[in-house]
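Which chain is which? The protein sequence lines are A and B, in order.
Here the first sequence is numbered in our numbering, starting from 1 and rising by one per residue.
Here the second sequence is numbered in our numbering, starting from 1 and rising by one per residue.
All remarks here apply to the structure that follows.
Number of protein chains: 2
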Amino acid sequence: MERVETQKVDQKGRPLGRRALETRRRLLDATAELLGKRGVREIRVVEIARKVDTSPATFYQYFKDVEEATLALAEEAAQEMPALAEKLAGAWNSGGGLEIARTLVDAFIRHWDAYHAVLRLRNLAADEGEPRFLQVRRQAMTPILDELARCIRESQEAGLVSPQINAHAASAALAAILERLAAYHTELESLGVTRDDLVETSARILHQTVTGSSGKSV
Amino acid sequence: MERVETQKVDQKGRPLGRRALETRRRLLDATAELLGKRGVREIRVVEIARKVDTSPATFYQYFKDVEEATLALAEEAAQEMPALAEKLAGAWNSGGGLEIARTLVDAFIRHWDAYHAVLRLRNLAADEGEPRFLQVRRQAMTPILDELARCIRESQEAGLVSPQINAHAASAALAAILERLAAYHTELESLGVTRDDLVETSARILHQTVTGSSGKSV
DNA sequence: AGTGCGATCTGACAGACCGTCAGATCCTGT
DNA sequence: ACAGGATCTGACGGTCTGTCAGATCGCACT
């Protein structure tokens, strides 16, 4: 999988030089940091600019608005996903299925912890219908979604999972667990649910839904 | 369950008269409508005011800011939840379990469709850590969460569900499915997953997780 | 080292919104 | 019809946005 270094350009389409790339990166970092502190509605371009000790005009040289900077950050986060999806490669229906599920859940939570604010915002914008954010999210989730759907269909063909279940809907449901719990887990922990509980429980629901094996007493 | 009509007050704590209540309501309705159109970041108090044909100053008479108006709307939405949670009352482990699950999923999606924009915003603010929104969300979800957790524990005691599963974590995971898919379902439908598929599939995952019965070939 | 020129940054400004308050307007009870 | 409280709003200082023209910077070349 070749990674073509995307050619960054400024608001007028001109490619960026060394100095400009540095500035752009500093702006992005500042944006990411602020996204973690203030609520979405309180993010000010002025503040981002101040943080990197430059003028708002500089920000607008690189991004149309805060949203566009966020999009860039979301794209960066999305690049991590393929690696994460590879964890699904193994055979779910052999003995290692549950372990695969655990690994996936754990990795997913880690990923969300690393990009919490950005991913939250990505999902908000996507939910609001912003096409570019819809696309980034889809691009990020597709590897996992497809792989889950494939496994489920396999199990269905083997008669392990009810044909009444729609593989796509099911994989979306499982992804929903991953996303939501990864976003929530801190709150849940403050309510007495261990992170380990979360991983173990989610992994079992995943495993059960994908393979149909209930593992009652294990 | 008595419903004490909460005493509405203006920004200075004074109770509202007839005219004021009407104005407040019109402001809330306008806010709700705009929340559905613009993105969160684009909501302007001026615009809400204009829509109600009044001045921004009037808005501030009733709400500290847009967020507070949203909170009021979220509280209204939350009042629907207890009725919805009652759908869980039946016995999951008897034959009707799957049907209960279907009803729940369907009702939940309906609820989200009715308050989409407000609930999305409620969750955003809650995710961002706003205490008042965290509380509204918790208040709204608790009935369902508790009931699910109770059922799961029952199934565990009956040896139908693995003791490795944490009932609270599991109910949170199931709630995650409900919330996320209710929010997503329009997008999923545009991707070829029927609403019925969604309901049936989610219901089956719920049912399976709560009762441990896999219903393979049904 | 010095110079020229494109690359990069920023001061300054017009336009829009926020949030507040004093005073205007409206309504109700008598 | 009128007093007095309830409700609304004009008007304003402060902050932010988004845009340009002009200032500054630093590399390429001699």
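Glycine included, C-beta positions come from ideal geometry on N, C-alpha and C.
Counting C-beta neighbours from all protein chains within 10 Å, is the total for residue i 16 or more, i.e. buried, or is it exposed?
{"i": "residue 181 of chain A", "result": "buried"}
{"i": "residue 102 of chain A", "result": "buried"}
{"i": "residue 28 of chain B", "result": "buried"}
{"i": "residue 120 of chain B", "result": "buried"}
{"i": "residue 21 of chain A", "result": "exposed"}
{"i": "residue 127 of chain B", "result": "buried"}
{"i": "residue 156 of chain A", "result": "buried"}
{"i": "residue 179 of chain A", "result": "buried"}
{"i": "residue 172 of chain A", "result": "buried"}
{"i": "residue 78 of chain A", "result": "buried"}
{"i": "residue 98 of chain B", "result": "buried"}
{"i": "residue 140 of chain A", "result": "buried"}
{"i": "residue 125 of chain B", "result": "buried"}
Over the uninterrupted alpha helix (DSSP H) stretch that includes residue i, give me the two end residues.
{"i": "residue 90 of chain B", "result": "Here residue 90 of chain B belongs to no alpha helix (DSSP H), and DSSP marks it neither H nor E."}
{"i": "residue 83 of chain A", "result": "81 to 85"}
{"i": "residue 31 of chain A", "result": "18 to 37"}
{"i": "residue 97 of chain B", "result": "97 to 127"}
{"i": "residue 162 of chain A", "result": "Residue 162 of chain A -> no alpha helix (DSSP H), and no H or E assigned at all."}
{"i": "residue 56 of chain B", "result": "56 to 62"}
{"i": "residue 70 of chain B", "result": "66 to 78"}
{"i": "residue 50 of chain B", "result": "45 to 51"}
Which residues share a DSSP beta bridge with residue i?
{"i": "residue 210 of chain B", "result": "Residue 210 of chain B pairs with nothing; no bridge assigned."}
{"i": "residue 143 of chain A", "result": "Paired residue(s): none; residue 143 of chain A is not in a bridge."}
{"i": "residue 9 of chain B", "result": "B:15"}
Enumerate in chain order the residues of its own chain whose CB-to-CB distance from residue i is below 7 Å, with the five nearest sequence positions on each side excluded.
{"i": "residue 170 of chain B", "result": "152 and 209"}
{"i": "residue 174 of chain B", "result": "148, 206 and 209"}
{"i": "residue 24 of chain B", "result": "8, 16 and 62"}
{"i": "residue 143 of chain B", "result": "81, 82 and 85"}
{"i": "residue 87 of chain B", "result": "100, 103, 104 and 107"}
{"i": "residue 123 of chain A", "result": "137"}
{"i": "residue 92 of chain B", "result": "100, 151, 210 and 211"}
{"i": "residue 195 of chain B", "result": "185 and 189"}
{"i": "residue 132 of chain B", "result": "71"}
Whose C-beta lies closer than 6 Å to the C-beta of residue i among residues of the same chain, with five residues either side of it excluded?
{"i": "residue 95 of chain B", "result": "none"}
{"i": "residue 130 of chain A", "result": "none"}
{"i": "residue 76 of chain B", "result": "none"}
{"i": "residue 38 of chain A", "result": "none"}
{"i": "residue 19 of chain A", "result": "none"}
{"i": "residue 64 of chain A", "result": "none"}
{"i": "residue 54 of chain A", "result": "none"}
{"i": "residue 26 of chain A", "result": "52"}
Among the residues of its own chain, which have a CB less than 8 Å from the CB of residue i, if the five just before and after it don't count?
{"i": "residue 43 of chain A", "result": "31, 34, 35 and 66"}
{"i": "residue 177 of chain B", "result": "202, 205 and 206"}
{"i": "residue 116 of chain A", "result": "36 and 183"}
{"i": "residue 46 of chain A", "result": "56"}
{"i": "residue 160 of chain B", "result": "93, 211, 212 and 213"}
{"i": "residue 40 of chain A", "result": "121 and 124"}
{"i": "residue 14 of chain B", "result": "none"}
Legend entry - Inter-stretch contact at 8 Å, needing at least 3 Cβ pairs: the stretch 198 to 205 of chain B / the stretch 147 to 165 of chain A: Contact between the stretch 198 to 205 of chain B and the stretch 147 to 165 of chain A is present, because at least three Cβ pairs lie under 8 Å.
Inset, instruction - Would you check if there are 3 or more beta carbon pairs closer than 8 Å linking the stretch 66 to 74 of chain B to the stretch 176 to 196 of chain B? - result: The stretch 66 to 74 of chain B makes no contact with the stretch 176 to 196 of chain B: fewer than 3 CB pairs, one atom from each, lie closer than 8 Å.
Legend entry - the stretch 142 to 159 of chain B touching the stretch 129 to 145 of chain A, judged by at least three CB pairs closer than 8 Å: The stretch 142 to 159 of chain B makes no contact with the stretch 129 to 145 of chain A, as fewer than three CB pairs between them are under 8 Å.
Inset, instruction - Evaluate the contact criterion for the stretch 100 to 113 of chain B versus the stretch 49 to 65 of chain B: three or more CB pairs, one atom per stretch, below 8 Å. - result: Contact between the stretch 100 to 113 of chain B and the stretch 49 to 65 of chain B is absent, because fewer than three Cβ pairs lie under 8 Å.
Legend entry - Three CB pairs or more closer than 8 Å across the stretch 41 to 51 of chain B and the stretch 6 to 20 of chain B: Contact between the stretch 41 to 51 of chain B and the stretch 6 to 20 of chain B is absent, because fewer than three Cβ pairs lie under 8 Å.
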